[in-house]
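One gets our numbering by counting positions in the sequence shown from 1 and adding 14 to each.
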Amino acid sequence: MIQEAPASIGGSSSPSIAQCSERVAASSEELTAGAQETSESINMVAQNMEVMTSGAAEQESTIKTLEEKIQIMREKMDDLRETSKEMEKIAVDSASNAENGKAKVDAAIDVMKNIAEQVSSSAKVVGELGKRSDEIG
Numbered sequence: 015m016i017q018e019a020p021a022s023i024g025g026s027s028s029p030s031i032a033q034c035s036e037r038v039a040a041s042s043e044e045l046t047a048g049a050q051e052t053s054e055s056i057n058m059v060a061q062n063m064e065v066m067t068s069g070a071a072e073q074e075s076t077i078k079t080l081e082e083k084i085q086i087m088r089e090k091m092d093d094l095r096e097t098s099k100e101m102e103k104i105a106v107d108s109a110s111n112a113e114n115g116k117a118k119v120d121a122a123i124d125v126m127k128n129i130a131e132q133v134s135s136s137a138k139v140v141g142e143l144g145k146r147s148d149e150i151g
């Protein structure tokens with residue numbers, strides 16, 4: 015192209031310097047517009063990346079909060095499990111105590127029946143002694 019330049023400068027069929035300048039200027043404007051579009055695209059990508067980074071930070075915070083709440087729930091479940099075990103032991107002990115108490119009440123009732131029988135028997139004896147005392151006296 016460099017070899018053609020001297021011939022084209024003086025020739026009539028070749029484009030003029032003004033036309034070449036116009037083409038260069040138009041190409042330059044197109045390149046500038048393309049560069050500006052590229053710059054705008056880069057800015058949009060940067061903004062989207064900022065939004066994504068912000069979203070990721072928010073998700074991280076939310077996940078940490080959830081992890082903390084899950085840990086608290088886990089601890090409460092462990093406490094509940096221990097409390098349930100203690101309540102089960104208390105219930106078993108209460109049932110055993112109630113069984114022992116029933117046995118003692120049954121034994122006391124048997125003793126009372128025995129006492130009632132002895133009192134009744136003693137009352138008969140006293141009654142018989144009273145009759146004999148009346149007969150003697």
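Each residue gets a CB set at the ideal place from its N, CA and C atoms; glycine is no exception. Predicted, not measured: the structure shown is a model, and the values here were computed from it.
First through last residue of the alpha helix (DSSP H) which encompasses Ser147: 31 to 150
Alpha carbon of Ile56 to alpha carbon of Glu96, nearest angstrom: 59 Å
Glu131 versus Ile104 - alpha carbon distance: 40 Å
Separation of Gly144 from Ala117, as counted between CA atoms: 40 Å
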